[in-house]
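The block underneath contains the structure these notes are about, expressed in structure tokens.
2 protein chains.
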Amino acid sequence: MQTALAAAGLAPVFGRGAPAALPASLASDARTVTRRTLAANEEIYAEGDRAMSFYKIVVGVVRTYKLLSDGRRQIGAFYLPGDIFGLECGEEHRFGADAVTETRLVVHRREPRALTGDDGNLAREVVAAMMRDLERAQEHMMLLGRQSARERIASFLLALSERTADAGGAVCLPMSRNDMADHLGLTIESVSRAVTQLERAGLIELPPNRRTVILRNAAALRHLAD
Amino acid sequence: MQTALAAAGLAPVFGRGAPAALPASLASDARTVTRRTLAANEEIYAEGDRAMSFYKIVVGVVRTYKLLSDGRRQIGAFYLPGDIFGLECGEEHRFGADAVTETRLVVHRREPRALTGDDGNLAREVVAAMMRDLERAQEHMMLLGRQSARERIASFLLALSERTADAGGAVCLPMSRNDMADHLGLTIESVSRAVTQLERAGLIELPPNRRTVILRNAAALRHLAD
DNA sequence: CGTTTGCTTGATGTCATTCAACGCCGGTGG
DNA sequence: CCACCGGCGTTGAATGACATCAAGCAAACG
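Note that the protein sequences, when read in sequence, are chains A and B.
According to UniProt numbering, the first sequence is numbered sequentially starting from 1.
According to UniProt numbering, the second sequence is numbered sequentially starting from 1.
Dropping the structure here:
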């Protein structure tokens with residue numbers, strides 16, 4: 001544990017670090033913070049890469065995933081602007097990460113003291129990000145283990161709408177059906193069919209471009225999602 | 001975040017707590033530590049209960065779970081002796097917890113300063129426990145989202161064998177088929193059939209009591225589990 | 001000893017997957 | 001400008017894996 005924490009550059013945070021004496025904005029520390037722009041589907045890091053940095057999204061969307069040896073993929077989470085991802089307890093990234101859309105990131109080098117002293121706010125953000133990951137993963141187990149295809153789509157759309165909060169119930173789907181399928185434990189065809197069913201039932205509406213959804217009956221969706 | 005951490009009694013740990021000056025054994029602080037013995041299937045706390053305490057298992061096995069409104073259950077994790085469970089970031093338990101077998105627990109009251117000063121080791125254990133939960137939940141998403149029934153059983157048996165490490169490949173299954181099913185996203189019948197298949201294939205052996213499994217071909221199991 | 005509880009097994013059903021075809025763009029190049 | 005093409009999404013039909021329904025069995029228990 002001691003070593004795992006130290007490796008994560010988190011030990012000073014969890015232990016008795018120095019008081020947060022020198023507040024500095026995230027952007028101002030050129031030694032530990034850089035920027036990076038990625039095209040859609042560009043890899044950020046692979047599963048098993050050494051975890052040298054973690055990331056905060058400025059614009060764009062990122063997916064993290066694991067692969068089985070035969071190519072089956074499970075997308076663990078999607079990250080949106082403002083989210084932090086790529087935090088690890090150990091030495092390696094346990095998920096891979098790609099840009100879903102064109103993306104701009106802030107890259108934080110994982111130096112031993114990077115998370116304390118200079119920026120207590122960042123340290124708190126980092127801890128909050130890990131806790132949010134834990135909660136999301138635990139919620140997602142329920143979805144994957146016990147919900148039907150339609151229920152999964154309903155849950156997913158609701159969760160996304162709560163994060164992007166477009167006034168009027170319009171939710172943008174930045175990811176492909178393939179990505180949705182690999183997140184929800186389904187095939188693309190099943191995703192498509194379940195979405196169509198919800199549309200026919202009047203719970204949602206799909207503009208012709210198919211990458212936006214309007215939630216017409218959020219209460220019914222919530223009832224489905226339980 | 002600030003408030004969430006404070007509510008969890010974790011703020012002093014993550015912030016700049018007082019130095020760990022007064023080492024004391026877990027058991028010696030009567031104000032914050034008590035014990036509790038439970039019968040098999042007895043409830044420890046319910047989903048939504050206020051998270052007043054967290055727990056460390058002395059002997060026995062515990063399951064944590066969520067319920068859907070129609071009764072479907074997803075078991076998030078099983079905890080074994082030495083494991084800590086019941087940690088929450090917020091005010092409430094997001095999972096319920098029961099004893100699987102007769103169980104003895106150490107109960108730690110979640111007082112604001114309980115995790116610092118008195119016992120730095122406990123603080124480190126607590127952080128390690130949350131990280132382990134995160135890793136397990138993320139691994140489990142892959143199982144639930146993308147593995148077949150047989151693969152799930154193989155993964156589960158291997159994971160359990162790595163935790164209980166009985167010499168000779170004998171793994172005790174303290175939980176019922178029902179519990180296994182609700183952890184693996186299957187029905188009891190599917191669990192039973194998959195176990196039988198693995199037995200017929202010679203990968204495992206089932207003594208007549210059915211609550212123990214001997215891993216006969218761990219390599220083949222690992223190949224299945226990927 | 002009868003009953004209960006947990007596990008297994010068989011027959012049947014259902015939902016999601018698989019396989020295949022098609023439509024709809026958006027880009028490319030003749 | 002328009003034909004072609006490839007990527008993405010949808011839809012249909014057949015298949016398959018797991019669920020459901022139902023029965024049976026064995027150990028545990030009163």
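Beta carbons: idealized from backbone N, C-alpha and C, even for Gly.
Quiz item: Any residues in the stretch 136-152 of chain B with a beta carbon nearer than 7 Å to a beta carbon of chain A? Which ones, in chain order?
Solution: Cβ proximity to chain A below 7 Å picks out A137, Q138, H140, M141, M142, L144, G145 and R146 from the stretch 136-152 of chain B.
Self-check item: Whole-number beta carbon distance between A/L221 and A/A154, since they are thought to touch under 8 Å
Solution: Along the first sequence, one-based indexing puts residue 154 of chain A at 154. Along the first sequence, one-based indexing puts residue 221 of chain A at 221. The Cβ separation is near 5 Å, so the contact holds.
Quiz item: Taking Cβ positions, are B/M131 and A/G76 nearer each other than 8 Å?
Solution: Counting from 1 along the second sequence, the entry for residue 131 of chain B is found at position 131. Counting from 1 along the first sequence, the entry for residue 76 of chain A is found at position 76. Remark: C-beta atoms of B/M131 and A/G76 do not approach each other more closely than 8 Å.
Practice problem: From the DSSP output, in three-state form, read off B/A24 for me. | Solution: Here residue 24 of chain B refers to the residue found at position 24 of the second sequence. Any reading at B/A24 must be qualified, since the residue scores a pLDDT of 43, below 50, and its modelled position is unreliable; the value itself is stated next. If DSSP states are grouped into helix, strand and coil, B/A24 belongs with coil.
Practice problem: Examine the ligand MN and report whether any of its heavy atoms sits within less than 7 Å of the Cβ of A/G169. | Solution: Looking for the ligand MN in the displayed structure turns up nothing, as the structure carries no ligands at all.
Quiz item: Are the beta-carbon atoms belonging to A/D182 and A/Y79 less than 8 Å from one another?
Solution: Mapped onto the first sequence, residue 182 of chain A falls at position 182. Mapped onto the first sequence, residue 79 of chain A falls at position 79. By the CB criterion at 8 Å, A/D182 and A/Y79 fall outside the cutoff.
Practice problem: Over the uninterrupted alpha helix (DSSP H) stretch that includes B/F156, give me the two end residues. | Solution: Counting from one through the second sequence, the residue named residue 156 of chain B turns up at place 156. Note, B/F156: alpha helix (DSSP H), A149 to T164.
Quiz item: Below 8 Å between beta carbons: does that hold for A/V61 and A/M175?
Solution: The sequence position of residue 61 of chain A within the first sequence is 61, counting from 1. The sequence position of residue 175 of chain A within the first sequence is 175, counting from 1. In this structure, A/V61 places its C-beta atom within 8 Å of the C-beta atom of A/M175.
Quiz item: Using CA coordinates, which residue listed in A/L67, A/R110, A/R104 and A/A123 is at the minimum distance from A/S53?
Solution: As a position in the first sequence, residue 53 of chain A is number 53, starting the count at 1. Of the candidates A/L67, A/R110, A/R104 and A/A123, the one whose C-alpha sits nearest the C-alpha of A/S53 is A/R110.
Practice problem: Can you tell me which of the three DSSP states A/S53 falls into? | Solution: Residue 53 of chain A sits at position 53 when you count from the first residue of the first sequence. A/S53 falls in the strand class under three-state DSSP.
Quiz item: Taking the Cβ atom as the reference point for each residue, do A/R216 and A/G202 lie within a distance shorter than 8 Å?
Solution: Sequence index remark: in the first sequence, residue 216 of chain A carries index 216 (1-based). Sequence index remark: in the first sequence, residue 202 of chain A carries index 202 (1-based). Against a cut-off of 8 Å, the Cβ pair of A/G202 and A/R216 comes out as a contact.
Quiz prompt | Coil, strand or helix - A/L105 by DSSP | solution = Reading the first sequence from its first residue, position 105 is the one you call residue 105 of chain A. Here A/L105 sits in strand by DSSP.
Practice problem: Indicate whether the contact test is met: 3 or more Cβ pairs, each with one atom in the stretch 133-152 of chain B and one in the stretch 161-172 of chain B, closer than 8 Å. | Solution: Counting C-beta pairs closer than 8 Å gives fewer than three between the stretch 133-152 of chain B and the stretch 161-172 of chain B, which falls short of the contact rule.
Quiz item: By Cβ distance below 8 Å, which residues in the same chain neighbour A/A39 in space, the five residues on each side in sequence not counted?
Solution: Within the first sequence, the letter at position 39 stands for residue 39 of chain A. In its chain, beyond the 5 residues on either side, A99 and E102 have a beta carbon closer than 8 Å to the beta carbon of A/A39.
Quiz item: If we cut at 8 Å on Cβ distances, does B/K56 have a partner in chain A?
Solution: Here residue 56 of chain B refers to the residue found at position 56 of the second sequence. Taking Cβ atoms only, chain A never reaches closer than 8 Å to B/K56, which makes this a no.
Quiz item: If you draw a straight line from the alpha carbon of A/L158 to that of A/E43, how long is it in whole angstroms?
Solution: In the first sequence, counting from the first residue as 1, residue 158 of chain A sits at position 158. In the first sequence, counting from the first residue as 1, residue 43 of chain A sits at position 43. Within the model, the alpha-carbon separation for A/L158 versus A/E43 is close to 28 Å.
Quiz item: Taking 8 Å as the CB-CB limit, is A/L22 close to chain B?
Solution: Taking the first residue of the first sequence as 1, we reach residue 22 of chain A at position 22. Since pLDDT at A/L22 reaches only 37, below the 50 mark, its modelled position is unreliable, and the value read off the structure follows with that caveat. Not a single C-beta of chain B is nearer than 8 Å to the C-beta of A/L22.
Quiz item: Within the 8 Å Cβ cut-off, does B/D226 reach chain A?
Solution: As a working note, residue 226 of chain B is residue 226 in the second sequence. Contacts with chain A at 8 Å (Cβ-Cβ) include B/D226.
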